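Residue numbers (this note's numbering), protein chains in the order written: chain A, 1 to 305; chain B, 306 to 610. Glycine included, every Cβ here is placed at the ideal spot set by N, Cα and C. Remember, predicted model here, so these are calculated numbers, not experimental data. Below: the structure, in C-alpha cells.
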C-alpha cells in the first residue's frame, strides 16, 4: 500500500487538497474554487479532478483519501446528513460515490473534527493524546480528540461546542437555544456587538479588529466580551474533560491579543482545575491547514484501527 | 484467580462493602459507620475488618478490591490527593497501604466515577458504552463513561460536572467560580433557595420536598429552578458528547417529579441534538448501590485491560 494519502478540505469558498506522507510531510498542494453555487455535481467533479491531479503527479495510488466536510456525517453509512454551507449535499452518500469514482477508500469527517485531528497529528497537539479545539469563524465549531481519535458520539454529532450555553438568556440562535457560545464569540458575534456599540453600519469583524487595534475603546470592549464568553465555555470544558490542551483555530484567532487576556482571566476565575494544573490554552499551529492535515491523517488512522 | 471481587463505598457516614461475582451478582453485603471523626486510622481499620469479614465468609481470596472514595485520586500513584468530606485522607497512599494490609490488588476510584461505572455495568447503562452521570446530593458530582471505561483526564480530575457554569453571575462557589451547577441544583441549593423564598429557617431539602409535594407553590418554584439549572447543564453535555444516556443519581433524585418537567423542557429548548435523537435522560437504577457496584467492577475492568 502506498505510503501517502490525500487530504481534502471541502470549504465553502475553496476546495483544497494535499498529498501527504504517513509521517505528515506535505508533498504537494492544490486549491481551486469550490463552486458551491454551481451545484453539487460541479463540486464533486472539482474534487475528483483535484484528487486525480495529485495522484498523477505522485505516480501511484494513495493509501486513501480523507475529506473534511462542513456538516454532519453519518459515519456508519458514509452519508453527509446536513450542511448549512453546502446546499445540495444533504443526504449525499459521499463515501460510496467518491470511492466509486476514484477507486480508493474514502473517509469522511466533519471539518472541525478534522482540524482537531490535524493539530493532534502535526500541530500544537503532537505531544498529547487528548485535546479540545474550537474553530472561531462565521460560527464556532468544535472537535474533541480523546486517546488520539475523534470523539464522535453515538450519532456523529458530538463536539457541537459552539452551541454550549454561555449566557442563559443571551442572543437567540438558529439552533433554538439562547446564549450559544457562537452567538457571543464568533466573527458574526463581533459584528453584531460592534453594531450594538454604535461603531458603524455593517462593519466586518476585520474592521472591528482594526478599530480596536487603533485604540478604539468600544471596539476593544467587543473583543473583551468575546473573551469572557470564550473563557466561560473553556473553563467548563476544562472542568468536564481535564484534558491537557485547548486550542483556538479559525480567522478570528488573529484577534488573540485583544480577547485572550479577558478569556484567560475568566478561565482562571472559573476553573480550579486550571489553577491547579498545567493546562495549556493556545492558538492552533497549522493555521488554515489544520483541517487539511487532519483529512490526510484519516486514512492512516483508519488503517491502524 | 477468584471469580468474585469486593467493592467498597467509602461514604462520609457509612462504609459499605459487598462481595460480587464477575457477572455482577451481589453475594453478600456489609455496612458499618465510617467513623470519620475518629480519624483516618480508625476508618482504615474499619475497611480492613469489613473486607476480611467478607473474604472469610466467601472462603477464598478475591480477584481484587475496588474502593470508591469521595475525593481526588492520583491514579498513577494510587494516592488520595484531596477529600472535602474525609479530613485526614489528603495525600494518603491508599492503594499501597491497603494492598499491603490486605494482600490483594486495590483499585481506587472517585465515588461519582464509581457510581457511573456501576450504572454502566449493572444499572441503567447496561446496553450502552457511553454515559454521563450526575450525583445530586450535598453537592453535585459527575462521572463520564466512554467506551466502557471512566474518563479520567490527564490528572484524574475530569467530570467535575458540579462546577460547570450554569448562571454566569450566579451563586458564589468555594471553587472560586460563580454560578456552578452545584450551587443551583444540589440539596444545599434547594435549602438556600427555600430560605430566599422565606419558607422557613433552616429547612432541609427533604422538608422543602414535603412542602412542594403538599402543594406549596413557593417550594415547587424552588424545584423548578433546580430543574432549569440541571437542564441548562445537561443540554450542554448533550451538545458536547452526543452520548446516548444521561443519568441522575443521589438523594435529591427522589424529587424527580418536581424538577424533571422543567429540566426536560430546558433540554428540549437548548439542544437540537436532543430534539433530533433518541437521547435518554433517566434516573440511575441501582439507587445508593451504584457506587458499590462500580467499585466491585473495578478489579474486573482492570484485569481486562
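Task: Beta-carbon contacts of residue 3(A) that lie in its chain and below 8 Å, excluding the five residues immediately before and after - done: 21, 22, 63
Task: Test: residue 117(A) CB closer than 8 Å to a CB of chain B - done: no
TODO: Could you name the residues of chain A that residue 547(B) contacts, counting a contact when the two beta carbons are closer than 9 Å?
DONE: 151, 152, 153, 154, 155, 156, 157, 158, 159, 160
Task: Same chain only: Cβ atoms within 6 Å of residue 245(A), ignoring 5 sequence neighbours per side - done: 125, 128, 131, 280
- [ ] Would you mind telling me which residues of chain B sit closer than 7 Å to residue 270(A), beta carbon to beta carbon, in chain order?
- [x] 470, 482
- [ ] Report the neighbours of residue 130(A) on chain E: residues whose CB is nearer than 7 Å to its CB, in chain order.
- [x] No chain E appears in this structure, whose protein chains are A and B.
TODO: Output the boundary residues of the beta strand (DSSP E) element that contains residue 447(B).
DONE: 445 to 451
- [ ] Establish whether the CB of residue 135(A) and some CB of chain B are separated by less than 8 Å.
- [x] no
Task: residue 582(B) versus 158(A), 216(A), 215(A), residue with shortest Cα-Cα distance - done: 158(A)
Task: Pick from 311(B), 576(B), 492(B) that is closest to residue 547(B), judged by C-alpha positions - done: 576(B)
Task: 8 Å Cβ cutoff met for residue 384(B) and residue 397(B) - done: yes
Open item on the list: Between 203(A), 256(A), 143(A), which has its C-alpha nearest residue 120(A)'s C-alpha?
Closed with: 143(A)
Task: For residue 342(B), the nearest candidate out of 452(B), 319(B), 427(B) (CA to CA) - done: 319(B)
Open item on the list: Cutting at 8 Å between CB atoms, please list the residues of its own chain near residue 30(A), excluding the five before and the five after it.
Closed with: 16, 17, 18, 50, 53, 54
Task: Boundaries of the beta strand (DSSP E) in which residue 415(B) is found, first to last residue - done: 411 to 415
Open item on the list: So residue 259(B) contacts chain A; which residues on that side make the cut at Cβ distance below 8 Å?
Closed with: With chain B running from 306 to 610 in the structure shown, residue 259(B) is simply not present.
Open item on the list: Quick check on residue 501(B): buried or exposed, where buried means 16 or more other Cβ atoms within 10 Å of its Cβ?
Closed with: exposed
- [ ] Apply the 10 Å Cβ neighbour rule to residue 77(A) and answer buried if 16 or more other Cβ atoms are within range, or exposed otherwise.
- [x] exposed
Open item on the list: Could you tell me the alpha carbon to alpha carbon distance between residue 567(B) and residue 561(B), rounded to whole angstroms?
Closed with: 10 Å
- [ ] Quick one: residues in its chain with C-beta nearer than 8 Å to the C-beta of residue 477(B), no 5 flanking neighbours on either side, listed in chain order?
- [x] 483, 488
Open item on the list: Can you give me the C-alpha to C-alpha distance between residue 231(A) and residue 587(B), rounded to a whole angstrom?
Closed with: 31 Å
TODO: Step through the CB atoms of chain B and report whether any lies within less than 8 Å of the CB of residue 185(A).
DONE: no
- [ ] Enumerate in chain order the residues of its own chain whose CB-to-CB distance from residue 305(A) is below 8 Å, with the five nearest sequence positions on each side excluded.
- [x] At residue 305(A), the pLDDT of 40 sits below 50, so the modelled position is not reliable; the number obtained from the coordinates is stated separately. Result list for residue 305(A): empty, nothing under 8 Å.
TODO: Consider the Cβ of residue 493(B): report whether some Cβ of chain A lies at a distance smaller than 8 Å.
DONE: no
Open item on the list: Between residue 443(B) and chain A, is the shortest Cβ-Cβ distance under 8 Å, so that the two count as touching?
Closed with: no
Task: Backbone secondary structure at residue 476(B) - three-state DSSP - done: coil
Task: Extent of the continuous alpha helix (DSSP H) run through residue 224(A) - done: 217 to 241
Open item on the list: For residue 544(B) and residue 578(B), which I take to be in contact (beta-carbon distance under 8 Å), what is that distance rounded to the nearest angstrom?
Closed with: 6 Å
Open item on the list: In the DSSP assignment, the beta strand (DSSP E) including residue 440(B) goes from what residue to what residue?
Closed with: 436 to 441
TODO: Thinking residue 187(A) and residue 138(A) are a contact (beta carbons under 8 Å), I'd like their distance in whole angstroms, please.
DONE: 6 Å
- [ ] Output, in chain order, the set of chain A residues within a Cβ distance shorter than 8 Å of residue 404(B).
- [x] What residue 404(B) touches in chain A: nothing, since even the nearest Cβ is about 26 Å away.
Open item on the list: With distance defined between alpha-carbon atoms, name the residue in 73(A), 84(A), 102(A), 96(A) nearest to residue 60(A).
Closed with: 102(A)
Open item on the list: Need the endpoints of the beta strand (DSSP E) that residue 66(A) sits in, please.
Closed with: 65 to 69
Open item on the list: Would you say residue 540(B) lies against chain A (beta-carbon separation less than 8 Å)?
Closed with: yes
Task: Neighbour flag for residue 415(B) against chain A, beta carbons, 8 Å - done: no
Open item on the list: My output table needs one value for residue 583(B): the three-state DSSP class, helix, strand or coil.
Closed with: coil
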